[in-house]
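Participant: Which chain is which? The protein sequence lines are Z and G, in order. Quick note: the first sequence uses the numbering used here, first residue 6, plus one each step. Quick note: the second sequence uses the numbering used here, first residue 6, plus one each step.
There are 2 protein chains.
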Amino acid sequence: MFKELNPLLHSELRLAVMSILIGVESADFVYLRKQTGTTAGNLSVQLDKLAKAGYIGIEKSFRGKMPRTVCRITERGRNAFAEYVDALKSYIE
Amino acid sequence: MFKELNPLLHSELRLAVMSILIGVESADFVYLRKQTGTTAGNLSVQLDKLAKAGYIGIEKSFRGKMPRTVCRITERGRNAFAEYVDALKSYIE
DNA sequence: ATAAAGTGGTTTATTTTATAAACCAAATTT
DNA sequence: AAATTTGGTTTATAAAATAAACCACTTTAT
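Below, the structure written as structure tokens:
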């Protein structure tokens, strides 16, 4: 009757991050923080979880002298997101 | 950009319960437990939360000698569900 | 009649998760 | 050179979900 909701995606902040990343080539930490309106600490933790699941890739580098964290959705992340959306529909349609 | 997701509804089990109740006149504890596949303890706790928020009404009675718990969505619950679904769309569309 | 098992739950304890607070290293501003 | 800002991470706390125990009965089997 109801499809299971991937708990990693069923989180407001992680879902927002994935929702952003699915629509862009890449996005950096600062951008994600502004768009989601969350705290840096929370974002840091949630990005880690998404990365550990292989849903996003994180590249750290320096832009001049400042650190820079760029995130990008992976194919696995894309698939998981699509499945999650599909599962959600079993609840809301 | 992203609408807030009502945390009371952003829970797999509570969402499933609301999803069932929105489509029927009423449903009892046993039916909800079977449809959702959850444990009685978990269902009991989550129904309480929905009831305390005024999203569902709970009537307790006896059917012959056995206790019976009947749940019904309220107008407030109906509205909250509709809003939640609408908010979700800002993430998945 | 009594013990064992089942029904329909509730309550309490444990684990997991989310969130916030504190911190760090370096850069920039005053 | 002290204070503030940037771009984060780490750690502590609060909240939530889940599971395990339990309770009050009823039904079935002995």
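All C-beta atoms, glycine included, are put in the ideal place defined by N, C-alpha and C. Just so you know, these numbers come straight off a predicted model, no measurement behind them.
Report the residues of the segment 17-29 of chain G with a CB closer than 9 Å to any CB of chain Z, ordered along the chain.
Facilitator: Listed by position, the residues of the segment 17-29 of chain G near chain Z (Cβ gap below 9 Å) are 17, 20, 21, 23, 24 and 25.
Participant: Would residue 68 (chain Z) and residue 26 (chain Z) qualify as a contact pair, given that the criterion is a beta-carbon distance under 8 Å?
Facilitator: In this structure, residue 26 (chain Z) does not lie closer than 8 Å to residue 68 (chain Z) by Cβ.
Participant: With a threshold of 8 Å between beta-carbons, can residue 90 (chain Z) be considered close to chain G, or not?
Facilitator: Interface residue, yes.
Participant: Where does the unbroken beta strand (DSSP E) through residue 71 (chain Z) begin, and where does it stop?
Facilitator: Element bounds for residue 71 (chain Z): 71-78.
Participant: According to the Cβ coordinates, are residue 44 (chain G) and residue 21 (chain G) closer than 8 Å?
Facilitator: No.
Participant: If the cut is a Cβ gap below 7 Å, which residues of chain Z does residue 78 (chain G) touch?
Facilitator: The premise fails here: residue 78 (chain G) is roughly 14 Å from chain Z at the closest Cβ pair, so nothing lies under 7 Å.
Participant: List the endpoints of the continuous alpha helix (DSSP H) containing residue 7 (chain Z).
Facilitator: Where residue 7 (chain Z) is concerned, there is no enclosing alpha helix (DSSP H), given that its DSSP letter is neither H nor E.
Participant: Output, in sequence order along the chain, the residues in the segment 51-69 of chain G whose CB is closer than 9 Å to any CB in chain Z.
Facilitator: So nothing in the stretch comes that close.
Participant: Select from Z:75, Z:55, Z:92 and Z:12 the residue whose C-alpha is nearest the C-alpha of residue 35 (chain Z).
Facilitator: That would be Z:75, whose Cα lies nearest to the Cα of residue 35 (chain Z).
Participant: Using 8 Å as the limit for Cβ to Cβ distance, is residue 71 (chain Z) near chain G?
Facilitator: Answer no: the Cβ-Cβ gap between residue 71 (chain Z) and chain G never drops below 8 Å.
Participant: Given a threshold of 16 other Cβ atoms within 10 Å of its Cβ, counted over all protein chains shown, does residue 81 (chain Z) qualify as buried or as exposed?
Facilitator: Residue 81 (chain Z) should be labelled exposed.
Participant: Report all residues from its chain with a CB closer than 6 Å to the CB of residue 13 (chain G); omit the five preceding and five following residues, and keep chain order.
Facilitator: 58.
Participant: If I follow the unbroken alpha helix (DSSP H) through residue 17 (chain Z), where does it start and stop?
Facilitator: Unbroken alpha helix (DSSP H) run through residue 17 (chain Z): 17-26.
Participant: Kindly list, in the order they appear in chain G, the residues whose Cβ is closer than 8 Å to that of residue 96 (chain Z).
Facilitator: 20, 21 and 24, listed in chain order.
Participant: Any beta-carbon of chain G closer than 8 Å to the one on residue 34 (chain Z)?
Facilitator: No - not a single Cβ of chain G is within 8 Å of the one on residue 34 (chain Z).
Participant: DSSP on residue 66 (chain Z), reduced to helix/strand/coil?
Facilitator: Residue state, collapsed to three classes: strand.
Participant: Given that residue 10 (chain G) touches chain Z, what residues does it touch there, using C-beta distances under 9 Å?
Facilitator: In chain order: 17 and 20.
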